[in-house]
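Numbering (our numbering), first residue to last: 87 to 224.
The beta carbon of each residue, even a glycine, is placed where N, CA and C say it ideally should be.
Right, one structure below, let's go through it.
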Ligand code: GDP
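Structure, rendered in structure tokens:
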């Protein structure tokens, strides 16, 4: 078993899609072993997306992530990182496969409903940014 970090983004919480997205996650066999609804601060969003800070959409991304509540989660599965990336679908929903979260729910490349870690190393860093070990119950 391994873990990945997930965010249900503001475009999805705004449309009351938390439960529908969790149903896709659980239906694919991933377990939600920690979950909290928060309002992300600007500092948290800038730190979280620091790797993108030179990209032209960085300001828009931080504004979007802090605009409404998000749900931060830890997911557990065999090979959790690639398992979740597969059910999330491509970054741009126009390219996302049928049945993926982004194909089902995303509005556009910026408002794409979910985040999922892209490596085990980043998953550990991202989980530690939002959860302590005692808040994760597998
Ligand atoms: P992910 O790992 O599939 O989320 O994709 P990336 O790590 O490449 O990008 C992180 C996030 O930045 C994406 O999920 C989008 O919310 C946002 N993003 C990426 N590319 C674009 C873009 O071209 N325009 C805008 N507005 N947002 C983007």
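Quiz item: In angstroms, rounded to a whole number, what distance separates the CA positions of residue 221 and residue 120?
Solution: Going by C-alpha positions, residue 221 is about 7 Å away from residue 120.
Quiz item: Given residue 178, which residues of its chain have a CB within under 7 Å of its CB, disregarding the five upstream and five downstream residues?
Solution: Within its own chain, the residues whose Cβ lies closer than 7 Å to the Cβ of residue 178, once the five positions on either side in sequence are excluded, are 195, listed in chain order.
Quiz item: Is the distance from the Cβ of residue 170 to the Cβ of residue 90 below 8 Å?
Solution: Their beta carbons are under 8 Å apart, which means residue 170 touches residue 90 by this criterion.
Quiz prompt | Separation of residue 147 from residue 210, as counted between CA atoms | solution = So the alpha carbons of these two residues sit roughly 22 Å apart.
Quiz item: What is the rounded straight-line gap between the Cα of residue 114 and the Cα of residue 163?
Solution: Rounded to the nearest angstrom, the two C-alpha atoms are 10 Å apart.
Practice problem: Please state if the CB of residue 124 and the CB of residue 248 are separated by a distance shorter than 8 Å. | Solution: Because the chain here runs from 87 to 224, residue 248 falls outside it and cannot be looked at.
Self-check item: Assigned secondary structure, residue 162 (DSSP; H/G/I helix, E/B strand, else coil)
Solution: Note: residue 162 maps to strand in three-state DSSP.
Quiz prompt | Rounded straight-line distance, which links the Cα of residue 142 to that of residue 161 | solution = If you take the alpha carbons of residue 161 and residue 142, they lie about 30 Å apart.
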